[in-house]
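For the protein sequence lines, the chains are A and B, in the order given.
Sequential numbering from 251 applies to the first sequence in our numbering.
Sequential numbering from 251 applies to the second sequence in our numbering.
Built from N, CA and C at the ideal position, the CB exists for glycine as well.
Just so you know, these numbers come straight off a predicted model, no measurement behind them.
Protein chains: 2
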Amino acid sequence: MATGRNHRPATSRSRGIPEATVARLPLYLRALTALSERSVPTVSSEELAAAAGVNSAKLRKDFSYLGSYGTRGVGYDVEYLVYQISRELGLTQDWPVVIVGIGNLGAALANYGGFASRGFRVAALIDADPTLAGRTVAGIEVEHADGLEQIIADNGVSIGVIATPAGSAQQVCDRLVAAGVTSILNFAPTVLSVPEGVDVRKVDLSIELQILAFHEQRKAGEEAPEEEETAPPAAPPAAAVTKKRSEPGPDGDVPAVMPA
Amino acid sequence: MATGRNHRPATSRSRGIPEATVARLPLYLRALTALSERSVPTVSSEELAAAAGVNSAKLRKDFSYLGSYGTRGVGYDVEYLVYQISRELGLTQDWPVVIVGIGNLGAALANYGGFASRGFRVAALIDADPTLAGRTVAGIEVEHADGLEQIIADNGVSIGVIATPAGSAQQVCDRLVAAGVTSILNFAPTVLSVPEGVDVRKVDLSIELQILAFHEQRKAGEEAPEEEETAPPAAPPAAAVTKKRSEPGPDGDVPAVMPA
DNA sequence: CCAGCTTTGTGCACGCGTTCACAAAGGCAT
DNA sequence: ATGCCTTTGTGAACGCGTGCACAAAGCTGG
Numbered sequence: 251m252a253t254g255r256n257h258r259p260a261t262s263r264s265r266g267i268p269e270a271t272v273a274r275l276p277l278y279l280r281a282l283t284a285l286s287e288r289s290v291p292t293v294s295s296e297e298l299a300a301a302a303g304v305n306s307a308k309l310r311k312d313f314s315y316l317g318s319y320g321t322r323g324v325g326y327d328v329e330y331l332v333y334q335i336s337r338e339l340g341l342t343q344d345w346p347v348v349i350v351g352i353g354n355l356g357a358a359l360a361n362y363g364g365f366a367s368r369g370f371r372v373a374a375l376i377d378a379d380p381t382l383a384g385r386t387v388a389g390i391e392v393e394h395a396d397g398l399e400q401i402i403a404d405n406g407v408s409i410g411v412i413a414t415p416a417g418s419a420q421q422v423c424d425r426l427v428a429a430g431v432t433s434i435l436n437f438a439p440t441v442l443s444v445p446e447g448v449d450v451r452k453v454d455l456s457i458e459l460q461i462l463a464f465h466e467q468r469k470a471g472e473e474a475p476e477e478e479e480t481a482p483p484a485a486p487p488a489a490a491v492t493k494k495r496s497e498p499g500p501d502g503d504v505p506a507v508m509p510a
Numbered sequence: 251m252a253t254g255r256n257h258r259p260a261t262s263r264s265r266g267i268p269e270a271t272v273a274r275l276p277l278y279l280r281a282l283t284a285l286s287e288r289s290v291p292t293v294s295s296e297e298l299a300a301a302a303g304v305n306s307a308k309l310r311k312d313f314s315y316l317g318s319y320g321t322r323g324v325g326y327d328v329e330y331l332v333y334q335i336s337r338e339l340g341l342t343q344d345w346p347v348v349i350v351g352i353g354n355l356g357a358a359l360a361n362y363g364g365f366a367s368r369g370f371r372v373a374a375l376i377d378a379d380p381t382l383a384g385r386t387v388a389g390i391e392v393e394h395a396d397g398l399e400q401i402i403a404d405n406g407v408s409i410g411v412i413a414t415p416a417g418s419a420q421q422v423c424d425r426l427v428a429a430g431v432t433s434i435l436n437f438a439p440t441v442l443s444v445p446e447g448v449d450v451r452k453v454d455l456s457i458e459l460q461i462l463a464f465h466e467q468r469k470a471g472e473e474a475p476e477e478e479e480t481a482p483p484a485a486p487p488a489a490a491v492t493k494k495r496s497e498p499g500p501d502g503d504v505p506a507v508m509p510a
C-alpha cells in the first residue's frame, strides 16, 4: 500500500508477482538464511511457513509465482531457494543508498546492520546542518546537502532514505528525484508527492502506535459493557460558524488528548 | 442501510471498522491537525484526500464507517472530525509506553516527538546493559531490565516497543506479555510469537528496502528487451548443493550478497 | 419558497489476496 | 519394480478492499 500509483495490469509477462507476495519474500529469505547458517539442507513448506509466521498454503502459492523450485515429498532446497529469492528481489546486485537527515534516526539507520547485510551499501550520509559535515557516523563521513546531486550521480544511487524532519522531507524528496533517485524510503511523517515511476514506501512510527492504540482500546472496551465516553463533544454538524468548540489547546492539537 | 440515522453498522460500531480504514485514520488525523493549526474551519473530501494522499471516494467511505460526520454541499468540520477520529483511535486517553532496548534505534525512538504528541507517553526506557542504567536519554532515565515487570505494573503499561537486537526480541516479548502488555511494536528483525489476544505490528527497515530493490530491478529490466530469466543456477534437487554463477545479462556482475 | 449547485454517503461491481482441498509428483522401502 | 507415504503445486471459492457513479442532502441566491 505504498503509493497507489499502480496503473499496471500486473501483467509484466510471466513476471506478474503479486505485490503481497513480494512483501513476504524478504521474510522467507530471512528464515531461509537462518536455516542455511545451521546447514539445514531442505525444509518443508510447513516448517518454513512456521518460521516465517505465515500460512503454509500461502507460502507455497507465493513460491509458485517464482517457479517450481520444490521437490514433492521432500520440500525445498534451502540454498537454492535463498539464491532464487535473492535474485528475484534484486539482491544479487549492489544497491548504493544515501541517507538524508543524520539526526537520531538517521544515525540509527546508518548503524543498522540489516542494510549492509543484504546488498545495500550506504554510499553517503547527507545532512543540511553544516556543523554535522565532516563528522563520522557509523564509519562514514557526513556530507553537506549541497553535494547531494553530485553524490548521487557519482555513485549511481537509485535508492534514497529520508530521515529528515517533516518540514524538509518534500524538498529533499524533490532533489533526490531530480538527481535520479527512483525509489524512496520515507521516515518523515509526511505524504510525499512524486512523479510517476518513482516508488515511495513510508515507515511511520506514530501511525503504527496509533493503530495499536485502536486495537488496545477495542480490547478494553470488549470487557466493559458499554462505557460511555466522558467527553461530550457536542457540536456535531458544521453549518454553525461556531468553530470555537470547547477549549482546545493553543497548539491546536486534539483537545481531549491534552495530558492532565 | 435502512435507517442510516444510527451510526452503528450492525456490529459493535468499532468492530465494524475495516482494518484498512483503521490504518488510514492516523493519516487523516495528521492532515486534519495541520488544517486545524491553520484555522481552516471545513474541508471537502477532495481536499482532505489530496492532503492525505488517498482517493476521495475511499476517504468518504472510510468516514462513513465512523458515522455521518460531514455536511453535504459543505464538507467536514475540521475540529469535530479531529475529535471523532481521535476518539475512535483511542487517543483521547493516555497510553504509557515502554521502550526496550536503548541502542541507536531505541534512543531515536525515545527522542521522536511523534510519540508524545498524540497521547503516547514514554513511561520508561529499559535496557539489559547495566552500564546504560542510570544514564539519561531524551530526558528519561534508562532503567535496567530487571525491573521490567515492576515498571509495567506500576505504570499500567499495555503497549511495548521492542528495539533490541533480534536475538533477544522473543525473550523480551515473552516478558512483556507475561507482565501484562497486550500490544507490541517490534523493530527487531524477527518473527515474534505471541499468545492470542496480543497484537504485534512490525517495522522492518531491511524488508522495506528489499521491496524497493525489487521494484527498482523491475524498472531497470523493463527498458531492456525482454530479459529472459536466463539463470539456471542449477541445483534444483536436494542433491546438488552447488551454487553456480550464471550469466544474468547486461550488467554482468552479480556479486554474491548472501553471507554464508 | 423554489431552483440550482455542491458535496456527501453508498450501492454495486471488480479485482486482488487468502484459504481450502486435492490430484499429481517424487522418494523410499520392500 | 511396485506400492505407499509425504509434500508440492494449484484450481476454485470466498472475502476484503477499491473505485465508480449517482441519488440524496444541504446550502445559497433569487
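Straight-line gap, residue i to residue j (C-alpha atoms, nearest Å)
i: I457 (chain A); j: R322 (chain A); result: 43 Å
i: G502 (chain A); j: E287 (chain B); result: Because the pLDDT of G502 (chain A) is 31, which lies under 50, any placement of that residue in the model is unreliable, and the question is left without a value.
i: Y326 (chain B); j: P291 (chain B); result: 8 Å
i: R274 (chain A); j: A429 (chain A); result: 30 Å
i: V272 (chain A); j: F464 (chain B); result: 8 Å
i: G447 (chain B); j: K469 (chain A); result: 8 Å
i: Q343 (chain A); j: L442 (chain A); result: 28 Å
i: S408 (chain B); j: D424 (chain B); result: 14 Å
i: N354 (chain A); j: G363 (chain B); result: 11 Å
i: A366 (chain B); j: V431 (chain A); result: 33 Å
i: G266 (chain B); j: Y319 (chain B); result: 17 Å
i: Q421 (chain A); j: K452 (chain A); result: 16 Å
i: F437 (chain A); j: V324 (chain A); result: 42 Å
i: V332 (chain B); j: I390 (chain A); result: 43 Å
i: I285 (chain B); j: E399 (chain A); result: The residue asked about is misnamed: residue 285 (chain B) is Leu in this sequence, not Ile. The straight-line gap from Cα to Cα measures roughly 33 Å.
i: G417 (chain B); j: S289 (chain B); result: 48 Å
i: E297 (chain B); j: G471 (chain A); result: 33 Å
i: G397 (chain A); j: P445 (chain A); result: 23 Å
i: L341 (chain A); j: T283 (chain A); result: 13 Å
i: A373 (chain B); j: N405 (chain B); result: 7 Å
i: V427 (chain B); j: A299 (chain B); result: 38 Å
Contact check, residue i vs residue j, beta carbons under 8 Å
i: L339 (chain B); j: P276 (chain B); result: yes
i: A388 (chain B); j: N361 (chain B); result: yes
i: I376 (chain B); j: I401 (chain B); result: yes
i: R368 (chain B); j: P346 (chain B); result: no
i: P301 (chain B); j: A270 (chain B); result: A small correction: the amino acid at residue 301 (chain B) is Ala; Pro does not occupy that position in the sequence shown. No.
i: L462 (chain A); j: D454 (chain B); result: no
i: S336 (chain B); j: L279 (chain B); result: yes
i: S295 (chain B); j: L309 (chain B); result: yes
i: V392 (chain A); j: A378 (chain A); result: no
Residue i classed as buried or exposed, judged by whether at least 16 other C-beta atoms fall within 10 angstroms
i: R385 (chain A); result: exposed
i: P268 (chain A); result: exposed
i: E329 (chain B); result: buried
i: P439 (chain A); result: buried
i: T208 (chain A); result: Absent from the model: residue 208 (chain A). The displayed extent of chain A is 251 to 510, so no value can be given.
i: G356 (chain A); result: buried
i: E466 (chain B); result: buried
i: D312 (chain B); result: buried
i: Q460 (chain A); result: buried
i: V304 (chain B); result: buried
i: Q334 (chain B); result: buried
i: A307 (chain B); result: exposed
i: A403 (chain A); result: exposed
i: V293 (chain B); result: buried
Check: residue i C-beta below 7 Å from any heavy atom of the ligand ATP
i: C423 (chain A); result: The ligand ATP is not part of the structure shown, which contains no ligands of any sort.
Does the stretch 345 to 353 of chain B touch the stretch 408 to 424 of chain B, meaning 3 or more C-beta pairs lie closer than 8 Å?
-> Output reads yes: the stretch 345 to 353 of chain B touches the stretch 408 to 424 of chain B.
Listed in chain order, which residues of the stretch 427 to 440 of chain B have Cβ atoms closer than 7 Å to some Cβ of chain A?
-> Look at the stretch 427 to 440 of chain B: the residues with a C-beta under 7 Å from a C-beta of chain A are T432, S433, L435, P439.
Taking only beta carbons into account, state which residues of the stretch 448 to 469 of chain B come closer than 8 Å to chain A, listed in chain order.
-> The stretch 448 to 469 of chain B vs chain A, Cβ under 8 Å: D449, R451, V453, D454, L455, S456, I457, E458, L459, Q460, I461, L462, A463, F464, H465, E466, Q467, R468, K469.
Interfacial residues, the stretch 337 to 365 of chain B to chain A, with Cβ spacing under 8 Å | Listed in sequence order: R337, E338, L339, G340, L341, T342, Q343, D344, W345, V347, G353, N354, L355, A357, A358, L359, N361, Y362, G364, F365.
Of the residues that make up the stretch 397 to 428 of chain B, which ones have a beta carbon closer than 7 Å to any beta carbon in chain A?
-> Residues are counted here when their Cβ sits less than 7 Å from a Cβ of chain A; for the stretch 397 to 428 of chain B these are S408, I409, given in chain order.
At a Cβ cut of 8 Å, what residues of the stretch 368 to 382 of chain B count as close to chain A, listed as they run along the chain?
-> Closer than 8 Å at the C-beta level to chain A, one finds these residues of the stretch 368 to 382 of chain B: R368, G369, F370, R371.
Chain B contacts from the stretch 296 to 312 of chain A (Cβ-Cβ distance under 8 Å) = Those residues of the stretch 296 to 312 of chain A that come within reach of chain B (Cβ to Cβ, closer than 8 Å) are A301, A302, G303.
Could you name the residues of the stretch 268 to 279 of chain A whose beta carbon sits closer than 8 Å to any beta carbon of chain B, in the order they occur along the chain?
-> Taking 8 Å as the upper bound on Cβ-Cβ separation, chain B lies near residues V272, A273, L275, P276, L277, L279 of the stretch 268 to 279 of chain A.
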